[in-house]
Amino acid sequence: MTDAVLAIHGGAGAMAREEASADVREAYQNAMREILRNAGRILDEGGTALDAVTEAVRLLEECPLFNAGRGSVFTSAGTHELDAAIMDGRTLKSGAVANLRTVRNPVLAARAVMERSQHVLFVADGAEAFARAHGLECVEPAFFSTPERRAQLERVQRTSADGTALDHDGTPTAQSAVPLSFPGGSQDSALSSAPLDEGRKLGTVGAVALDAHGNLAAATSTGGMTNKQPGRVGDTPIIGAGCYASNDTCAISTTGTGEMFIRLVAAHDVAARMKYAGASLERASHSVIHEQLPLIDGSGGLVAVDAHGNVSMPFNTEGMYRGFIRTGQAPVVAIYR
Ligand code: ASP
1091 MTDAVLAIHG GAGAMAREEA SADVREAYQN AMREILRNAG RILDEGGTAL
1141 DAVTEAVRLL EECPLFNAGR GSVFTSAGTH ELDAAIMDGR TLKSGAVANL
1191 RTVRNPVLAA RAVMERSQHV LFVADGAEAF ARAHGLECVE PAFFSTPERR
1241 AQLERVQRTS ADGTALDHDG TPTAQSAVPL SFPGGSQDSA LSSAPLDEGR
1291 KLGTVGAVAL DAHGNLAAAT STGGMTNKQP GRVGDTPIIG AGCYASNDTC
1341 AISTTGTGEM FIRLVAAHDV AARMKYAGAS LERASHSVIH EQLPLIDGSG
1391 GLVAVDAHGN VSMPFNTEGM YRGFIRTGQA PVVAIYR
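So the sequence shown is numbered by the numbering used here: it starts at 1091 and just counts up by one.
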């Protein structure tokens, strides 16, 4: 039996202008700890890495602090388009969805594509129809909206000359930290400064896991980038770019400037460096994030776990919401470097 481990991320980005209060940091860290404990229990009980990453990402989607599921950012048209992917390192089976508009938990739709179709990727109307046909819960699009994300869209549209500024390009403004609602709590002006600058945060959530049977899995889910053009798809649902898992190397979930992660085939590049060049997980993931990504002006990070249970969580931004939990141990979470 292997020692199981689960690692998650909730997006990478720049430090908030006004440093987050201890209360705010604590709220984010508590949310991550709770998600790690709840999804980690699956591994403690001998469950699969696939189930653990599915549940971790589902819980991250349900938490409005993070840009996936409820709390997703808006497109330039004021709509939501959600993307997700999942991959099983044991079989190399994978499933992904893009441009979902009403499916409550995109990661469950990705999993259904993997397990209940012969295909890997469904988009837009076809993805919606597939999810409905397989009984997944659908909601009104407004379910995903929060006042904070709408304010974020309006701010980006006000400050961007061509109206297409993306999250990570957003010109920082004095009010660039967006007030967020906390799970189960009301909006509190004391909590208005998120630990990472919401105007420049690369929001996406993801999870990777190694289970006690030695199997790896990865899942990633996102609302994309604030003010993205309708129809734009980033790296998240692209297998090998935003999500990858293979038992012979590692499981990876990324967050960052999606176009650059696609161009680098970033997640697969980490696995390839391990497989073909014999690099360690740490070396391979650091090369991609700290050496390759900056060459094309990309920014972001990833969480990764290898078949021995090593965890790597590099990022080239000022912070990344991240954490991991090992069987029988307390969760470890962090935001800044
Ligand atoms: N990588 C995601 C995308 O490009 C979002 C992000 O992490 O910023 O859609």
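Note that CB positions come from ideal geometry on N, CA and C, so glycine has one too.
Coil, strand or helix - residue i by DSSP
i, result
"Asn-1120", "helix"
"Ala-1106", "coil"
"Val-1203", "helix"
"Leu-1140", "helix"
"Phe-1233", "helix"
"Thr-1326", "coil"
"Phe-1125", "Checking the displayed sequence, the identity of residue 1125 turns out to be Ile instead of Phe. Note: Ile-1125 maps to helix in three-state DSSP."
"Lys-1335", "Residue identity check: residue 1335 is Ala in the sequence provided, not Lys. Ala-1335: strand per DSSP, three-state reduction."
"Ile-1098", "strand"
"Met-1177", "strand"
"Ile-1425", "strand"
"Phe-1220", "helix"
"Leu-1172", "strand"
"Gln-1419", "coil"
"Ser-1279", "Bear in mind that the predicted position of Ser-1279 carries a pLDDT of just 32, short of 50, making it unreliable; the figure below should be weighed with that in mind. Residue state, collapsed to three classes: helix."
"Thr-1345", "strand"
"Gly-1409", "strand"
"Lys-1183", "coil"
"Asp-1093", "coil"
"Ala-1357", "helix"
"Phe-1351", "helix"
"Val-1163", "coil"
"Ser-1311", "strand"
"Ala-1188", "strand"
"Ser-1402", "strand"
"Asp-1301", "coil"
"Leu-1211", "strand"
"Leu-1306", "strand"
"Gly-1293", "coil"
"Asp-1396", "strand"
Residues of its chain near residue i, where Cβ-Cβ distance is below 6 Å and the 5 sequence neighbours each way are ignored
i, result
"Leu-1354", "Gln-1382"
"Met-1403", "Val-1393 and Arg-1412"
"Ala-1221", "Val-1193 and Ala-1199"
"Phe-1156", "Gly-1100, Leu-1150 and Val-1295"
"Thr-1138", "Asp-1301"
"Gly-1348", "Gly-1324 and Asp-1325"
Residue i, buried or exposed, once every other Cβ within 10 Å from all chains shown has been counted against 16
i, result
"Asp-1301", "buried"
"Gly-1225", "exposed"
"Gly-1390", "buried"
"Leu-1140", "buried"
"Phe-1414", "buried"
"Arg-1416", "buried"
"Tyr-1426", "exposed"
"Gly-1136", "exposed"
"Phe-1233", "exposed"
"Ala-1112", "exposed"
"Gly-1218", "Reading off the sequence shown, one finds Glu at residue 1218, where the question assumed Gly. Classification for Glu-1218: buried."
"His-1380", "exposed"
"Leu-1182", "exposed"
"Ala-1175", "buried"
"Ala-1110", "buried"
"Gly-1216", "exposed"
"Arg-1239", "buried"
"Arg-1248", "exposed"
"Gly-1321", "exposed"
"Ser-1311", "buried"
"Arg-1201", "buried"
"Ala-1357", "buried"
"Ala-1089", "The question about residue 1089 has no answer, for the chain in this structure spans 1091 to 1427."
"Ala-1428", "Residue 1428 cannot be examined here, being either before or after the span of the chain that is shown, 1091 to 1427."
"Arg-1206", "exposed"
Residues near residue i in its chain [Cβ-Cβ closer than 7 Å; skip 5 each side]
i, result
"Ser-1375", "Val-1360, Leu-1392, Ala-1394, Ser-1402 and Pro-1404"
"Ile-1132", "Asp-1141, Ala-1142 and Glu-1145"
"Ala-1177", "The question names Ala, but residue 1177 is Met in the sequence shown. Cβ within range, chain order: Ser-1184, Ala-1307, Ala-1308, Ile-1329, Cys-1333, Tyr-1334 and Ala-1335."
"Leu-1096", "Leu-1126, Ala-1129, Gly-1130, Leu-1133, Ala-1142, Ala-1146, Ala-1297, Ala-1299, Phe-1414 and Ile-1415"
"Leu-1371", "Cys-1340, Met-1364, Ala-1394, Asp-1396, Asn-1400 and Ser-1402"
"Val-1229", "Thr-1192 and Arg-1194"
Proximal residues to residue i (C-beta, below 8 Å), its chain only, five neighbours per side dropped
i, result
"Asn-1337", "Gly-1179, Arg-1180, Gly-1304, Asn-1305, Leu-1306 and Ala-1397"
"Met-1122", "Ile-1098, Gly-1100, Tyr-1411, Arg-1412, Gly-1413, Pro-1421 and Val-1423"
"Leu-1127", "Note on identity: in this sequence residue 1127 is Arg, with Leu being the wrong assignment. If we look at Arg-1127 and ignore the five residues flanking it on each side, its Cβ neighbours are Ile-1415 and Pro-1421."
"Pro-1231", "Thr-1169, His-1170, Arg-1191 and Thr-1192"
Residue i CB to nearest heavy atom of ligand 2 below 7 Å
i, result
"Asp-1325", "This structure lacks ligand 2; the ligands present are ligand 1."
Below-8 Å beta-carbon distance, residue i vs any chain C residue
i, result
"Ala-1297", "Annotation note: the requested chain C is absent from the structure, which comprises a single protein chain."
Is there contact between the segment 1415 to 1426 and the segment 1372 to 1385, where contact requires at least three CB pairs shorter than 8 Å?
no
For the structure I just gave you, are there three or more beta carbon pairs, one from the segment 1187 to 1197 and one from the segment 1155 to 1175, closer than 8 Å?
yes
For the pair the segment 1361 to 1374 and the segment 1195 to 1214, tell me if three or more CB-CB distances fall below 8 Å.
no
Touching by the beta-carbon criterion (3+ pairs, under 8 Å), the segment 1144 to 1151 and the segment 1194 to 1207
yes
State whether the segment 1179 to 1188 contacts the segment 1323 to 1343, with contact taken as three or more CB pairs (one from each stretch) at a distance under 8 Å.
yes
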